[in-house]
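See below for the structure under consideration.
2 protein chains.
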Amino acid sequence: MPRFFVQPEFVYEQKISIRGGDSRHITNVLRLGRGDVINVFDGTGKEYVVLIERASASTVEGRIITEKTIEVESLVEITLFQGLPKAKKMDLIVEKCTELGINKIVPIRTARTIPETDADYTGTSQMKVRLSRWNKIARESSKQSGRVKIPEVCDLIPFSHAINEKTDLSLIPFEGEREQGIKKTLKRCPVASYPCRVGIFIGPEGGWTKEEIGQARHNGIIPVSLGLRILRTETAAMIACALVLYELEPIIKSKIPGVSDN
Amino acid sequence: MPRFFVQPEFVYEQKISIRGGDSRHITNVLRLGRGDVINVFDGTGKEYVVLIERASASTVEGRIITEKTIEVESLVEITLFQGLPKAKKMDLIVEKCTELGINKIVPIRTARTIPETDADYTGTSQMKVRLSRWNKIARESSKQSGRVKIPEVCDLIPFSHAINEKTDLSLIPFEGEREQGIKKTLKRCPVASYPCRVGIFIGPEGGWTKEEIGQARHNGIIPVSLGLRILRTETAAMIACALVLYELEPIIKSKIPGVSDN
Numbered sequence: 164m165p166r167f168f169v170q171p172e173f174v175y176e177q178k179i180s181i182r183g184g185d186s187r188h189i190t191n192v193l194r195l196g197r198g199d200v201i202n203v204f205d206g207t208g209k210e211y212v213v214l215i216e217r218a219s220a221s222t223v224e225g226r227i228i229t230e231k232t233i234e235v236e237s238l239v240e241i242t243l244f245q246g247l248p249k250a251k252k253m254d255l256i257v258e259k260c261t262e263l264g265i266n267k268i269v270p271i272r273t274a275r276t277i278p279e280t281d282a283d284y285t286g287t288s289q290m291k292v293r294l295s296r297w298n299k300i301a302r303e304s305s306k307q308s309g310r311v312k313i314p315e316v317c318d319l320i321p322f323s324h325a326i327n328e329k330t331d332l333s334l335i336p337f338e339g340e341r342e343q344g345i346k347k348t349l350k351r352c353p354v355a356s357y358p359c360r361v362g363i364f365i366g367p368e369g370g371w372t373k374e375e376i377g378q379a380r381h382n383g384i385i386p387v388s389l390g391l392r393i394l395r396t397e398t399a400a401m402i403a404c405a406l407v408l409y410e411l412e413p414i415i416k417s418k419i420p421g422v423s424d425n
Numbered sequence: 164m165p166r167f168f169v170q171p172e173f174v175y176e177q178k179i180s181i182r183g184g185d186s187r188h189i190t191n192v193l194r195l196g197r198g199d200v201i202n203v204f205d206g207t208g209k210e211y212v213v214l215i216e217r218a219s220a221s222t223v224e225g226r227i228i229t230e231k232t233i234e235v236e237s238l239v240e241i242t243l244f245q246g247l248p249k250a251k252k253m254d255l256i257v258e259k260c261t262e263l264g265i266n267k268i269v270p271i272r273t274a275r276t277i278p279e280t281d282a283d284y285t286g287t288s289q290m291k292v293r294l295s296r297w298n299k300i301a302r303e304s305s306k307q308s309g310r311v312k313i314p315e316v317c318d319l320i321p322f323s324h325a326i327n328e329k330t331d332l333s334l335i336p337f338e339g340e341r342e343q344g345i346k347k348t349l350k351r352c353p354v355a356s357y358p359c360r361v362g363i364f365i366g367p368e369g370g371w372t373k374e375e376i377g378q379a380r381h382n383g384i385i386p387v388s389l390g391l392r393i394l395r396t397e398t399a400a401m402i403a404c405a406l407v408l409y410e411l412e413p414i415i416k417s418k419i420p421g422v423s424d425n
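In the order they appear, the protein sequences are chains Z and A. Count the first sequence with our numbering and you get residues 164 to 425, in order. Count the second sequence with our numbering and you get residues 164 to 425, in order.
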């Protein structure tokens, strides 16, 4: 069945209107008209079967017969353990990683996090205000990106606790790692089951200490390089998240019967 | 030869100092000391051959014998054609794409760019002020990420001119594209020579019109999907840039004799 994209604002009260090049294509090329049926999607995860009611080269209008929601949530459930950066950077990390499809964000205190006022103490009122703002950013960003799930931004925990969290794969990007690129590591990752839980550890502005890398490695967390150019902490968070989803989502989808991927 | 990472601040006046776990490793495990030679890199693209002058479990100090600069610039030369977004978003795009390794950024006027004051007119004083700020951001971001090259942010041009620029591959992420994922497109890309010039076309906040997608396609620019979740314009710019480098850089490096990649 022919399949067309419409902006969400052209879907209203069970009706759909298609204009421009697509309406010409429907009427002049496909020679469809009143009574014919087409598929329409709106880019927010909604897909419709539409019965054409009126058709001209400039506008095709139709009625929605059935509607289904495409699964936009990832089967790769990423938890970002983020060395607490300065306030604005964390806002950006929460917004962008939510758009990309992250599952959970856990701010962590590391050897080089900078204590700002009392923000490094879990449960302080200042930290509560921040958490509330970050969770609000996550809600708004989730909605904007057409997601169903709202990632949780959790309370600050120390690095030493974070490295004990159970995952199927955990990575710690580190500028001192040169042998192991993230690509090779992800290509070697045995994705046995789904959902696949992946942990990403990102250092604060000052990076990781060698001791932290040693502790992480001891707990099975793999140090990786994100490339030759140095990325700021917030950039590293977004890019690591995007690359993990890029590599692992198609692998997982290929394991699920009846699900295809582009 | 053993190879160690030091933070750039531990490199000064042709001397290098190594502390913590690595100094213990050098003295106790490798049993190296005065007169031995090691390799050291600092994560900014500099690599050193170092003659150890003093060594204890807590500190190893040495003198730089030779220094070389690793090529951090990419052989994938990306030009981002960015539908002009609101001011702050463009600042973020310039900063982040520079960190990632972009070659050039060209703001473009499209059907849905929002004219803010007179910013949509090439050559106006307001536009000159902006260009000057964006180029300053590019300079600072380039330095911070250890790059040698400073990407140029060019004057605003119309979409109709941009699509005529010559590249080896051009992509136009579009939320209405569902059949063609960016991954499949990049995997199919025949990277015949280097440097490889890639164009990325990113729509402004309101996205592309169908007519623009048609014109782009007519000029050989390939519409691709960046995934099921909707990305804001600035996020799409960064992620498309990161994914192109991630896929194509190793392919190109593999074609150059004597260059390995992780």
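Don't be surprised by glycine CBs; every beta carbon is placed ideally from N, CA and C. Just so it is clear, the structure is predicted and the values come from calculations on it, not from any experiment.
- With the criterion set as a beta carbon lying under 8 Å from some beta carbon of chain A, the members of the region 205-226 of chain Z are GLY206, THR207, GLY208, in sequence order.
- Interface with chain A (8 Å Cβ-Cβ cutoff): THR232 (chain Z) is excluded.
- When rounded, the separation of the alpha-carbon atoms in PRO413 (chain A) and ILE201 (chain Z) is 42 Å.
- Using beta-carbon distances, MET401 (chain A) counts as an interface residue toward chain Z, with a partner under 8 Å.
- 8 Å or more divides the Cβ of LEU238 (chain Z) from the Cβ of ILE363 (chain Z).
- In the assembly as shown, GLU375 (chain A) is a buried residue. Its beta-carbon has 16 or more other beta-carbons within 10 Å.
- At a cut-off of 8 Å between beta carbons, ARG197 (chain Z) makes no contact with chain A.
- Within chain A, the C-beta atoms nearer than 8 Å to that of ILE393 (chain Z) come from GLY206, THR207, GLU262, GLN307, SER308, GLY309, in chain order.
- For ALA355 (chain A), no chain Z residue has a C-beta closer than 9 Å to its own C-beta; the minimum C-beta separation is roughly 22 Å.
- Beyond the five residues adjoining it in sequence on each side, MET253 (chain Z) comes within less than 6 Å, by CB distance, of no other residue in the same chain.
- For the region 313-342 of chain Z, residues whose beta-carbon sits nearer than 9 Å to a beta-carbon of chain A comprise PHE337, GLU338, GLY339, GLU340, ARG341, GLU342.
- At least one C-beta of chain Z is nearer than 8 Å to the C-beta of PRO413 (chain A).
- Note that the C-beta distance between SER304 (chain A) and THR276 (chain A) is not below 8 Å.
- At least one CB of chain A lies nearer than 8 Å to the CB of ALA405 (chain Z).
- One alpha carbon belongs to GLN378 (chain Z), the other to GLY339 (chain Z), and they sit about 15 Å apart.
- Listed in chain order, the positions of the region 166-186 of chain A with a beta carbon within less than 7 Å of a beta carbon of chain Z are PHE168, GLY183, GLY184, ASP185.
- By the rule that beta-carbons nearer than 8 Å mark a contact, LYS416 (chain A) does not touch chain Z.
- Listed in chain order, the positions of the region 348-380 of chain A with a beta carbon within less than 8 Å of a beta carbon of chain Z are GLY370, THR372, LYS373, GLU374, GLY377.
- Residue-level contact check: THR273 (chain Z) does not touch chain A, since none of the beta carbons of chain A fall below 8 Å from its beta carbon.
- When DSSP states are grouped into helix, strand and coil, TYR409 (chain Z) belongs to the helix group.
- In this structure, GLU397 (chain Z) places its C-beta atom within 8 Å of the C-beta atom of LEU255 (chain Z).
- Beta-bridge pairing by DSSP links THR222 (chain Z) to Z:ARG182.
- Straight across, the Cα-Cα distance linking SER295 (chain Z) with PRO270 (chain Z) is about 13 Å.
- In the DSSP assignment, the residues bridged to PHE168 (chain A) are A:PHE204.
- Residue nearest to ALA274 (chain Z) within the set Z:VAL407, Z:ALA405, Z:THR372, Z:LYS416 is Z:THR372 (criterion: CA-CA distance).
- Residues of chain A with a Cβ closer than 9 Å to the Cβ of VAL235 (chain Z) are, in chain order, GLY390, LEU391, ARG392, ILE393.
- Under the Cβ criterion of 8 Å, THR190 (chain Z) is not counted among the residues facing chain A.
- Short of 6 Å from the beta carbon of ILE313 (chain Z), and not among the five residues preceding or following it, lie these beta carbons of its own chain, in chain order: ALA301, ARG302, SER305.
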